[in-house]
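**Student:** Here it is, the structure in full.
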Amino acid sequence: MAIPSWENLSSNQGPSSFSFNRTVTNVGDANSSYEVEVVEPKRVSVMVKPITLEFTEMNQKKSYQVVFSKEGVGSLEFSEGHIKWYSGSKYEVRSPIAVIFKS
Numbered sequence: 004m005a006i007p008s009w010e011n012l013s014s015n016q017g018p019s020s021f022s023f024n025r026t027v028t029n030v031g032d033a034n035s036s037y038e039v040e041v042v043e044p045k046r047v048s049v050m051v052k053p054i055t056l057e058f059t060e061m062n063q064k065k066s067y068q069v070v071f072s073k074e075g076v077g078s079l080e081f082s083e084g085h086i087k088w089y090s091g092s093k094y095e096v097r098s099p100i101a102v103i104f105k106s
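Letter 33 of the sequence shown, counting from 1, is numbered 36 in the numbering used here, and no numbers are missing.
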C-alpha cells in the first residue's frame with residue numbers, strides 16, 4: 004500500500020482541527036485487509052476513518068480520512084507519532100506524524 008504525505012500550517016489562534024482525505028493504492032496481494040494503528044503526538048488527537056481497508060485486487064484504490072485535533076496548551080514545541088496500516092504479520096505501512104507548535 005502506498006501512502007501520500009500531508010502538511011498543514013497553523014498558528015495557535017487558527018482552527019483546532021484539520022481534516023485530510025487520502026487515497027491509497029494496494030501494491031500488495033489481492034484480497035487483503037489492512038487495520039489502522041495510531042500513535043498520537045502529545046497534545047494532538049488523531050482519528051482515522053475507516054479503521055479497516057479491504058482490497059479485492061492489485062492496484063485498487065481506497066480512501067480514508069484523518070482528523071487531527073489540537074488538545075490543550077503548553078510549552079511543548081515539537082511532538083511526533085505515526086499512523087500504521089498493517090495486514091496481519093505480512094505487510095505494514097507507516098506514516099510519521101510530526102507536529103511543530105507555534106505561538
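For glycine and all other residues, C-beta sits at the position ideal for the given N, C-alpha and C. Just so it is clear, the structure is predicted and the values come from calculations on it, not from any experiment.
Counting only the same chain and skipping the five closest in sequence on each side, list residues whose C-beta sits under 7 Å from that of Ser82.
**Tutor:** These residues qualify, in order along the chain: Pro44, Lys45, Arg46, Val47, Val102.
**Student:** Sort Val30, Ser22, Val51, Thr55 by Cα distance to Ser36 and report the nearest one.
**Tutor:** The option with the nearest alpha carbon to Ser36 is Thr55.
**Student:** Answer yes or no: do Lys64 and Thr26 have a C-beta to C-beta separation smaller than 8 Å?
**Tutor:** Yes, they are a contact pair.
**Student:** Tell me the DSSP secondary structure of Leu79 in three-state form.
**Tutor:** coil
**Student:** Please report the straight-line C-alpha distance between Val51 and Met61, rounded to a whole angstrom.
**Tutor:** 23 Å
**Student:** Classify Ala5 as buried or exposed, calling it buried when 16 or more other Cβ atoms lie within 10 Å of its own Cβ.
**Tutor:** Only weak support is given to the placement of Ala5: the predicted model assigns it a pLDDT of 42, under 50, and the question is left unresolved by the model.
**Student:** How about Tyr3 and Gly31: do their beta carbons lie closer than 8 Å?
**Tutor:** Missing from the structure shown is residue 3; the chain here goes from 4 to 106 and no further.
**Student:** Please list the terminal residues of the continuous beta strand (DSSP E) segment that includes Lys45.
**Tutor:** For Lys45, there is no enclosing beta strand (DSSP E), since its DSSP letter is neither H nor E.
**Student:** Give the DSSP-derived three-state secondary structure of Gly84 in the structure shown.
**Tutor:** DSSP places Gly84 in strand when its eight states are reduced to three.
**Student:** So what does DSSP say about Ala101, is it helix, strand or coil?
**Tutor:** strand
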